[in-house]
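Chemist: Have a look at the structure that comes next, please.
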Amino acid sequence: MPSLRPCLLPVLLALTSATASAQTTIFHETFESGLGNWTTTSTATNSRWHLVAEGGVCNAAIDPFPSSVQAARFGNVTPGASCNFSGETPDTLKLATPIDIPAGATNVRLEFWSFEETECQPWWGEIGNCGWDHRSVLVSTNGGVSWAQEVASGGPESTWHQVAVDLSAYAGQSIVLGFNFTPVDSVQNSFAGWIVDEIRLEYGMPGPISYCESSLNSLACAPVLHWSGSASLTGNDDFVVGVHNIHNQRPARILWGFAPSNHPFNGSTMCIASPIVRTPLASAAGTALPAFDCSGAHDFAFTHAYFASKFLTAGDTIYVQYSGRDPFKAAPNNRNSSNAIRVTLAP
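Sequential numbering from 0 applies to the sequence shown in numbering that gives the first Met the number 0.
Laid out in structure tokens, this is it:
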């Protein structure tokens, strides 16, 4: 798979610097102070959750990290060892101290950055959580005695991407967060594993919530949606939705609509129901032709003026996705698409 670092670095720098002024942050983890807020459940001596730093021997495809220079990784902990995970012992990275979510808190949202390199490889036709190497985000309301699975991460492989989960149902409760990696078996584990960073638990202003899955393009890349800023009509005019990990030097655009979907569409997955609004086409840029790779990226600014021009008001919910044509696939099945987000507009 082509290197994505040239287009991903500016994306990460822009997104991690953005703030949502109306949000209340209950918990924020960057791992720059280590793993003191966390415990692990595995006693395995080879592969488990541990701290990793940028520039490590296994980080050629992982750097740069979303938040400064440290992150948490499930994988082989032996310095200088193969950049993989060994054995079949699962491990859960879990908070050492419960987080109290205030009663009456609205729009409670867990957001984190994820990098996943597992047996679920796109060149084998796999995407998301396959039959092995399961990645799950867990929540416990009894101190970790029992867990509810809130999301099976299983995101695009070999690229940093954002994940946002609605935890509003836990308002008024104390919760423990957990990130579980289950290899299932000890076969085909010569991959980096799972790395998480920049974990936030917030409430207040509505924020994007992830749903749907990307579809692979002809280069076995899964387009990844990213976002920054806040979708408000009167606050900071800074809400941007974009896509990376797409074909270079191709036309790109962001789509949105008023209802979700999840249906096949010309060789891809359409995550928005009709009618669909198409933003203007723009070049995905990236590596110059005649090279073909997945270095393309595209951002679209949902400005106050744009919202007004579409007669959108506070409380409206829109569903946003990337969809584009694949130059190496035959029509009509020549589309590829990203995951999607649900966004509710704030005043």
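Every residue gets a Cβ at the ideal spot worked out from N, C-alpha and C, and that includes glycine.
What would DSSP say about serine 229, mapped onto helix, strand or coil?
Modeler: The answer is coil: DSSP assigns serine 229 none of H, G, I, E or B.
Chemist: Need the endpoints of the beta strand (DSSP E) that serine 213 sits in, please.
Modeler: Here serine 213 belongs to no beta strand (DSSP E), and DSSP marks it neither H nor E.
Chemist: Apart from the five residues just before and just after proline 259, which ones in its own chain have a Cβ nearer than 8 Å to its Cβ?
Modeler: Tyr210, Cys211, Cys270, Ile271, Ala272, Tyr318, Ala339, Arg341
Chemist: Pick from Ile174, Gln69, Pro155, Ile245: whose alpha carbon is nearest that of serine 139?
Modeler: Ile174
Chemist: Considering only the alpha carbon of each residue, which of Ala95, Gln320, Glu156 lies closest to arginine 252?
Modeler: Gln320
Chemist: So, at 8 Å on beta carbons, what are the nonlocal neighbours of asparagine 36 in its own chain, with the 5 sequence-adjacent residues on each side left out?
Modeler: Glu28, Leu94, Ala95, Thr96
Chemist: Rounded to a whole number of angstroms, what is the C-alpha to C-alpha distance between leucine 200 and threonine 24?
Modeler: Using only the alpha carbons, I get a separation of about 6 Å.
Chemist: Under the criterion of a Cβ to heavy atom distance below 7 Å, does cysteine 82 qualify as lining the ligand SAM?
Modeler: Ligands in the displayed structure: none, and consequently the ligand SAM is not present.
Chemist: Please classify glutamate 156 as buried or exposed, where buried requires at least 16 neighbouring CB atoms within 10 angstroms.
Modeler: buried
Chemist: So, do the region 290-301 and the region 233-251 have three or more beta carbon pairs nearer to each other than 8 Å?
Modeler: yes
Chemist: Tell me the DSSP secondary structure of histidine 133 in three-state form.
Modeler: Note: histidine 133 maps to strand in three-state DSSP.
Chemist: Whole angstroms is fine: what's the gap from serine 217's alpha carbon to arginine 277's?
Modeler: 23 Å
Chemist: Going by C-alpha to C-alpha distance, which of Ala151, Gly142, Val144, Trp146 sits closest to arginine 134?
Modeler: The shortest C-alpha separation from arginine 134 is found at Ala151.
Chemist: Between isoleucine 208 and the rest of its own chain, which residues show a CB-CB distance below 6 Å, the 5 nearest in sequence each way excluded?
Modeler: Ala163, Asp165, Arg341
Chemist: State the beta-bridge partners of glycine 74 as determined by DSSP.
Modeler: Arg47
Chemist: Just list the beta strand (DSSP E) runs in the region 145-176, keeping only unbroken ones of 3 residues or longer that don't cross its boundaries, in chain order.
Modeler: 147-151, 160-165
Chemist: So what's alanine 219 in DSSP terms, helix, strand or just coil?
Modeler: coil
Chemist: At 3 residues or longer, and completely inside the region 227-282: list those beta strand (DSSP E) runs for me, N to C.
Modeler: 239-245, 253-256, 259-264, 267-271, 275-277
Chemist: So, with DSSP's three-state summary, where would you put serine 67?
Modeler: coil
Chemist: Pick from Asn265, Thr312, Ala313, Phe306: whose alpha carbon is nearest that of asparagine 335?
Modeler: Asn265
Chemist: Can you tell me the Cα-Cα spacing of phenylalanine 178 and alanine 147, whole angstroms?
Modeler: 11 Å
Chemist: Which whole-angstrom value is the C-beta distance of glycine 74 and glycine 192, which I expect to be below 8 Å?
Modeler: 3 Å
Chemist: Is serine 294 helix, strand or coil by DSSP?
Modeler: coil
Chemist: Report the CB separation of glycine 295 from arginine 324 in whole angstroms; it is logged as a contact under 8 Å.
Modeler: Not quite, the Cβ-Cβ distance comes to about 12 Å (not below 8 Å), so this is no contact.
Chemist: According to the neighbour-count rule (16 or more other Cβ atoms, all chains shown, within 10 Å of its Cβ), is cysteine 6 buried or exposed?
Modeler: A caution first: cysteine 6 carries a pLDDT of 42, below 50, which makes its placement in the model too unreliable to give a value.
Chemist: Starting from phenylalanine 114, follow the beta strand (DSSP E) in both directions and report where the run begins and ends.
Modeler: Its beta strand (DSSP E) spans residues 108-116.
Chemist: Identify whether phenylalanine 299 lies in helix, strand or coil by the three-state DSSP scheme.
Modeler: strand
Chemist: Could you compute how far the alpha carbon of cysteine 82 sits from the alpha carbon of leucine 50?
Modeler: Straight-line spacing of the CA atoms in cysteine 82 and leucine 50 works out to 14 Å.
Chemist: In or out: glutamate 118 buried (at least 16 other Cβ within 10 Å) or exposed?
Modeler: buried
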